[in-house]
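What follows is one structure encoded as structure tokens, with my remarks underneath.
There are 2 protein chains.
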Amino acid sequence: MNVRPESNTSSTPPPRPADEGRTQSQRARNLSHVHPADVTLNDALTALADPVRRTIVRELAGGSDWTRACGTFDLPVTKATRSHHFAVLRQAGVIEQRDVGSRRLNRLRRPEFDAAFPGLLDLVLSERRESSHHSNTDRP
Amino acid sequence: MNVRPESNTSSTPPPRPADEGRTQSQRARNLSHVHPADVTLNDALTALADPVRRTIVRELAGGSDWTRACGTFDLPVTKATRSHHFAVLRQAGVIEQRDVGSRRLNRLRRPEFDAAFPGLLDLVLSERRESSHHSNTDRP
DNA sequence: TAAAATGTTCGACGGAGGTCGATCACCATG
DNA sequence: CATGGTGATCGACCTCCGTCGAACATTTTA
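Chains R and P are the protein sequences, given in the same order. UniProt numbering puts the first residue of the first sequence at 1, with every later residue one more than the last. UniProt numbering puts the first residue of the second sequence at 1, with every later residue one more than the last.
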């Protein structure tokens, strides 16, 4: 899935009312969101099949909504790559973003995404943090 | 994830008894399986983030175990690519394979995979068959 | 207004992975 | 043994995508 804003190859989904007409900043006008119900399973799986993006999701679930700006995440990539990953998550309906001042705050779209893809976020949030010492409990 | 048999870069997971010592054919000795409990979430998501592989999973769930050979699937790829996709699914713990004569029969590892990744297979099996006419029911 | 902070966008690079034709290995059947 | 069927393997090709530095835009702060 292409994230570039001028990519219009896919058929445009029906528009969805997202903003409540509040005064939004200049940057906020370029913020296009996709509702999880309009996301294909392929795009949802592709978005979550990346360790950096799953880290974002996990950190986001650890705090309250609209409290984490993009720059406050502990990620092993530069801010350019970081921005790319946030865009992918946004276009996949995983997160919602809002501009506050010069910062872009994030929110995990837990209920909507759960309704569209039940159990998928739970798998990500319960993922062992790459500790590699899984216990290997009893099984035939 | 590399599927090539001689790729030994990753740390070898603890061996798991898979065969019950039955007389197996020559080809079956090169058949390495991975239990879903030993599969990372990244590999599971990556394996299912492909439309061809999800088609295999869906067709496999539509029939009984050990009734479908690799060549009997309706896929838009050549047999080389087909073989590759089956290997990816096998290494991700999604399917199990068994050689019978010159054919390789398949089985979806439903209970084991469900135990390791609850709800993930359900999402794939309930996927709208790319019909693109999703109903857009009521939501705020 | 100048400077700093926060993110996005652009172009480029490199690796990973999906795809293919050709070939090989194994099995069944004549 | 020869032939055909089934599937794996190999090498090559090509696209996608994660990554980066640099430049730009917007907002806040000094």
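Ideal Cβ positions, reconstructed from N, Cα and C, are used throughout, including at glycine.
(request) Starting from P/Gln95, follow its DSSP beta bridges and name the residues at the other end. (result) It is Ile, not Gln, that sits at residue 95 of chain P in the sequence shown. The partner list for P/Ile95 (beta bridge, DSSP) reads P/Leu108.
(request) Take the Cβ of P/Arg128 as the centre, count every other Cβ of all protein chains shown within 10 Å, and call the residue buried at 16 or more, exposed below. (result) An exposed status is given to P/Arg128, since fewer than 16 other beta-carbon atoms sit within 10 Å of its beta-carbon.
(message) Per DSSP, what are the beta-bridge partners of P/Val100 in this structure?
(response) Note: P/Val100 sits in a beta bridge opposite P/Arg103.
(request) Work out the CA separation of P/Ile56 and R/Thr67 for me, nearest whole Å. (result) Looking at the backbone, the Cα of R/Thr67 and that of P/Ile56 are separated by about 42 Å.
(request) Tell me whether R/Gly93 is buried or exposed, calling it buried when 16 or more other Cβ atoms sit within 10 Å of its Cβ. (result) Burial call: buried.
(request) Give a yes or no on whether the C-beta atoms belonging to P/Arg107 and P/Glu96 are separated by under 7 Å. (result) The Cβ atoms of P/Arg107 and P/Glu96 lie closer than 7 Å to each other.
(request) Return the residues of the stretch 30-64 of chain P that lie within a Cβ-Cβ distance of less than 7 Å from chain R, sorted by chain order. (result) Of all residues in the stretch 30-64 of chain P, those with a C-beta nearer than 7 Å to a C-beta of chain R are Ala37, Leu41, Asn42, Leu45, Thr46, Leu48, Ala49, Pro51, reading in chain order.
(message) On the criterion of 16 or more Cβ atoms from any shown chain inside 10 Å, does P/Ser131 qualify as buried, or is it exposed?
(response) Annotation note: pLDDT 39 at P/Ser131 (below 50); position unreliable, coordinate value reported separately. Its Cβ having fewer than 16 others within 10 Å, P/Ser131 is exposed.
(message) Counting only beta-carbon separations shorter than 7 Å, does R/Phe117 have a partner in chain P?
(response) So, interface residue.
(message) Contact criterion: CB-CB distance below 7 Å. Does P/Leu121 meet it with respect to chain R?
(response) Chain R, which has no Cβ nearer than 7 Å to the Cβ of P/Leu121, makes this no.
(request) Answer yes or no: does any C-beta atom of chain R fall closer than 7 Å to that of P/Glu96? (result) P/Glu96 has a beta carbon lying at 7 Å or more from every beta carbon in chain R.
(request) Let me know the secondary structure DSSP gives P/Ala49 once reduced to three states. (result) Reduced to three states, the DSSP call for P/Ala49 is coil.
(message) Taking its Cβ as the centre, do 16 or more other Cβ atoms sit within 10 Å of P/Pro36, making it buried, or is it exposed?
(response) Result: buried.
(message) Between P/Val100, P/Asn42, P/Leu105, P/Val88, which has its C-alpha nearest P/Ser64's C-alpha?
(response) Measuring from the Cα of P/Ser64, the nearest candidate turns out to be P/Leu105.
(message) Using the Cβ count rule (16 or more neighbours within 10 Å means buried), how would you classify R/Ala49?
(response) Classification of R/Ala49: buried, given that the 10 Å Cβ count is 16 or more.
(message) Just checking: is the beta-carbon of R/Gly21 within a distance shorter than 7 Å of some beta-carbon in chain P?
(response) Caution applies to R/Gly21, whose pLDDT of 37 falls short of 50 and renders its modelled position unreliable; the model cannot decide the point.
(message) Suppose the cutoff is 6 Å on Cβ atoms and the five residues either side in sequence are ignored; what does the same chain contact list for R/Arg22 look like?
(response) Note that R/Arg22 scores a pLDDT of 41, beneath 50, so its modelled location is shaky and nothing firm can be said.
(message) Quick check on P/Val100: buried or exposed, where buried means 16 or more other Cβ atoms within 10 Å of its Cβ?
(response) It counts as exposed.
(message) Which of the three DSSP states is assigned to P/Arg58 in this structure?
(response) Looking at P/Arg58 - three-state DSSP - the assignment turns out to be helix.
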